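A.B. asks:
Protein chains: 4
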Amino acid sequence: MLAAGLHLFARHGCEAVNSNRIARRAGLGIGTFYSHFTDKYALLREIQLRTLAGLQSARTKAVADAGPDPREQVRRAIAAAVRFAQLHPAAYRVTFGRERLAAKPRGPVVSESSRPTAVTLRALQQAGRLPAELDVDLAARAYLAMEVGTLLWWLEDPRRANADGLVDTLGRMHPVEMSR
Amino acid sequence: MLAAGLHLFARHGCEAVNSNRIARRAGLGIGTFYSHFTDKYALLREIQLRTLAGLQSARTKAVADAGPDPREQVRRAIAAAVRFAQLHPAAYRVTFGRERLAAKPRGPVVSESSRPTAVTLRALQQAGRLPAELDVDLAARAYLAMEVGTLLWWLEDPRRANADGLVDTLGRMHPVEMSR
Amino acid sequence: MLAAGLHLFARHGCEAVNSNRIARRAGLGIGTFYSHFTDKYALLREIQLRTLAGLQSARTKAVADAGPDPREQVRRAIAAAVRFAQLHPAAYRVTFGRERLAAKPRGPVVSESSRPTAVTLRALQQAGRLPAELDVDLAARAYLAMEVGTLLWWLEDPRRANADGLVDTLGRMHPVEMSR
Amino acid sequence: MLAAGLHLFARHGCEAVNSNRIARRAGLGIGTFYSHFTDKYALLREIQLRTLAGLQSARTKAVADAGPDPREQVRRAIAAAVRFAQLHPAAYRVTFGRERLAAKPRGPVVSESSRPTAVTLRALQQAGRLPAELDVDLAARAYLAMEVGTLLWWLEDPRRANADGLVDTLGRMHPVEMSR
DNA sequence: AATGAATGAGATTTCATTCAT
DNA sequence: TATGAATGAAATCTCATTCAT
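Residue numbers (our numbering), protein chains in the order written: chain A, 5 to 184; chain B, 5 to 184; chain C, 5 to 184; chain D, 5 to 184.
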């Protein structure tokens, strides 16, 4: 059911898909859908939460595998995100694309956090390696918007760029690169 | 009618609004709606096109007012965009937010272009002031995603940041800042 | 639409009838039903309110036509109610039958009032013509239950009794007959 | 299962309750419900039949306990009915309230009989103690409607009256009181 | 006997669109 | 040109019922 929903949401958008069709594609009855999820938004949210968990775990693992250098950690985290989007394009689009807020206000909004990036930047700033005037929270937020927006644009047509180029460009534009 | 549509699209989202309601809010009859637009997506597209034109004109004007310095041009363009979003929050959200692609595949996708930024960056690169390895097209695209994503995040709750801080942060993270 | 609803509610009961069928029987589209009533319960309530108004007006008129004698007033009022039930059997059943409370708790419950009868009885009691121990409110309420229940039973199969016999029996059992 | 059904029918009405919920409340599986009853109407009918039997037995016992005086027999029977309604309000409402006819035409309609009352009245009439013109069958029927209707009204909100007052009022209005 | 996941017919309700005025 | 009552296709959701375990 999750797979069927993911496929259809990614292909047609949440609003253009109905519970009937999801159930049918999953090879199950209509009623079965409703015995598992209260409505299609609940299914969407479930997909989003799982995707988010998967992405965060990939990022965490990548950072752990990197050494202590913040630049290297950031590079690895970006590479992990790009790889994740590449491996799970449908899930990425459904989670961060225009469906993001479609999951009606039923519980906390699903979104990635810019917190870890902000923490890293603040540490560099306090060590005097980033300009004191930089608003690290805003910079972290802006970076996240860039990464998500760029990956979504890429997934619309993967021929637009290649994974390595994306990692390189996102890496160069990450605020950690301002450090010295 | 445009104003009514803008208001309702921004407040409830395109899918949650029907043509009936738009007409009613505009103080006109239902039939009148259909004598002006083929459907609500046509109205949405019209709003988006006008918004886009307004934003581009504001940017162009800002760049023209700036001197020849690329950095200054970029600063001014960003300031213009932030001001535009601040003055027309509903229009900005309806044009670039989750409604962006809701205007069904009926004509070219409405979106801002990263072309001007790419042109500026390429000139600097050819003048040797930007690393030869930088993919300027991708960088321009990434910057645009950042700007749009950050402004949308800001408009969700304007207390999250102030306009000057946004201009400063976006300015610092613009690829033109890598130049030397 | 009212006529169609009345017919179907009386014939099959409110729960066994759907809005679709009512609209179809009225020779109108499904959507038309919903542009007039929020749901079938709203239609039911409308029918009930109209019926109640009609019955009350018939009673009032009958009492006005009677002279000053309470017994005569009661007789006439009963005769008016029986005639009303005979002329509008479907409306009577839909209003006082098992649908009475089916009109979900949306506004005050539709019911006939025992107030007028209680007022009449109290006057007689204060004039010493009815036993001081009689609870006139309860007696009025009980009489109303009897009248309604008996008429509903009669309408289930009109051959069970004839109108004159009903008026006579209800008249004899009305608490006003205890007076001396 | 009977207790669960009684509780839910009384609280929400037969149409608003589903077999699933009844089984769940009874602490049993859905399938178990269907191995005992063909559908929820069968359960309803079972409850009604048991209630009816209980009420009739209480009445019979009360009459047997009274002496040979018809008035006393009637008083006792009424007192028994009021007590029964007071002790089993849910069962009384489910049996005689708006659910009465909900038990679809599957077998004879469940209802109390006015026969015993009619028999008593006819005997009095033949002894010349009741007016020859009185339609005793109709009077018995009317009394029953009054008793049932009044008790249902009382059970909707028991503060409306007290048991003794009800017995007294119903007793005074019983046709046997016309006897001389 | 007891269970409950699975089912799908059917009821409710919405809304884009038409068309007579 | 403006109107809005009328429409019905389509989406959402419920629940009686079955059947494999």
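Each residue gets a CB set at the ideal place from its N, CA and C atoms; glycine is no exception. Remember, predicted model here, so these are calculated numbers, not experimental data.
1) Rounded C-beta distance between residue 83 (chain A) and residue 171 (chain A)? I'm assuming under 8 Å.
2) Using a C-beta to C-beta distance shorter than 7 Å, which residues of chain A count as neighbours of residue 145 (chain B)?
3) Could you have a look at residue 16 (chain B) and say whether DSSP puts it in helix, strand or coil?
4) So, helix, strand or coil for residue 92 (chain D), using DSSP?
5) Is the CB-CB distance between residue 119 (chain A) and residue 102 (chain B) below 8 Å?
6) Give every residue of the same chain whose Cβ lies closer than 8 Å to the Cβ of residue 69 (chain C), excluding the five residues on either side of it in the sequence, and list them in chain order.
7) For the region 132-140 of chain A against the region 133-152 of chain B, do three or more pairs of beta-carbon atoms, one drawn from each stretch, fall closer than 8 Å, so that the two count as touching?
8) Thinking just about the alpha-carbon of each residue, which of B:140, B:86, B:146 and B:20 is nearest to the one in residue 63 (chain B)?
9) Is there a Cβ of chain D sitting closer than 8 Å to that of residue 138 (chain C), yes or no?
10) Looking at the C-beta of residue 169 (chain D), does it have a partner C-beta in chain C at a distance below 8 Å?
11) Just how far apart, CA to CA, sit residue 180 (chain A) and residue 76 (chain A)?
12) Work out the CA separation of residue 40 (chain B) and residue 100 (chain B) for me, nearest whole Å.
13) Among A:165, A:90 and A:17, whose alpha-carbon lies nearest the alpha-carbon of residue 48 (chain A)?
14) Just how far apart, CA to CA, sit residue 116 (chain D) and residue 126 (chain D)?
15) Under DSSP, the alpha helix (DSSP H) around residue 35 (chain D) begins and ends at which residues?
16) Please check if any C-beta of chain A sits within less than 8 Å of the C-beta of residue 93 (chain B).
17) For residue 131 (chain D), which residues in chain C fall below 9 Å Cβ to Cβ?
18) Can you list, in chain order, the residues of the region 41-66 of chain B whose Cβ is nearer than 7 Å to any Cβ on chain A?
19) Would you please verify whether the beta carbon of residue 177 (chain D) is less than 8 Å from any beta carbon of chain C?
20) Scan the region 7-25 of chain A for residues whose Cβ lies nearer than 7 Å to a Cβ of chain B and list them as they occur along the chain.
21) Using 8 Å as the cut-off, can you tell me whether the region 158-169 of chain C makes contact with the region 158-165 of chain D, which would need three or more C-beta pairs spanning the two stretches below that distance?
22) From what residue to what residue does the alpha helix (DSSP H) around residue 120 (chain A) run?
23) Can you tell me whether residue 147 (chain B) is buried or exposed, with buried defined as 16 or more other CB within 10 angstroms of its CB?
24) Which residues in chain C sit within 7 Å of residue 149 (chain D), going by Cβ to Cβ distance?
25) Taking C-beta to C-beta, are residue 155 (chain A) and residue 96 (chain A) nearer than 8 Å?
26) For residue 134 (chain D) and chain C, any beta-carbon pair shorter than 8 Å?
27) Taking residue 126 (chain B) as the query, report the chain A residues whose CB atoms sit under 7 Å from its CB, ordered along the chain.
28) If you measure between the beta carbons of residue 140 (chain B) and residue 122 (chain B), is that distance less than 8 Å?
29) Is residue 131 (chain B) near the ligand NAP - that is, is its Cβ less than 7 Å away from at least one heavy atom of it?
30) If the criterion is Cβ atoms closer than 8 Å, does the pair residue 149 (chain A) and residue 177 (chain B) meet it?
31) Three-state secondary structure (DSSP) at residue 61 (chain D)?
32) Using a Cβ-Cβ cutoff of less than 8 Å, which residues in the same chain neighbour residue 29 (chain C) once the five nearest sequence positions on both sides are dropped?
33) Please report the distance separating the alpha-carbon of residue 157 (chain D) from that of residue 19 (chain B).
34) I want to see whether chain C comes within less than 8 Å of residue 206 (chain D), judged by CB atoms only; does it?
35) How about residue 5 (chain A) and residue 34 (chain A): are their beta carbons less than 8 Å apart?
C.D. replies: The structure says:
1) Separation of the CB atoms of residue 83 (chain A) and residue 171 (chain A) is rounded to 5 Å, and the pair is thereby assigned contact status at 8 Å.
2) 154 and 157
3) helix
4) coil
5) no
6) 80
7) no
8) B:86
9) yes
10) yes
11) 10 Å
12) Between the alpha carbons of residue 100 (chain B) and residue 40 (chain B) lies a gap of roughly 24 Å.
13) A:17
14) Cα to Cα, residue 116 (chain D) sits roughly 19 Å from residue 126 (chain D).
15) 34-40
16) no
17) Near residue 131 (chain D) there are no residues of chain C at all, since even the closest Cβ is about 18 Å away, more than 9 Å.
18) none
19) Chain C contact via Cβ: present.
20) 19
21) Contact between the region 158-169 of chain C and the region 158-165 of chain D is absent: fewer than three C-beta pairs spanning the two stretches fall below 8 Å.
22) 119-130
23) buried
24) By Cβ distance, chain C contributes 149, 150, 153, 154 and 157.
25) Cβ atoms of residue 155 (chain A) and residue 96 (chain A): closer than 8 Å.
26) no
27) When 7 Å is used as the limit between beta carbons, residue 126 (chain B) is near no residue of chain A, the shortest such separation being about 14 Å.
28) Closer than 8 Å, so yes.
29) The model on display carries no ligand, and the ligand NAP is accordingly not part of it.
30) At the C-beta level, residue 149 (chain A) and residue 177 (chain B) stay beyond 8 Å of one another.
31) helix
32) Excluding residues up to 5 positions away in sequence, 8, 11 and 12 lie with their Cβ nearer than 8 Å to the Cβ of residue 29 (chain C) in the same chain.
33) 48 Å
34) Outside the shown range of chain D, which is 5 to 184, sits residue 206 (chain D), and nothing can be said about it.
35) no
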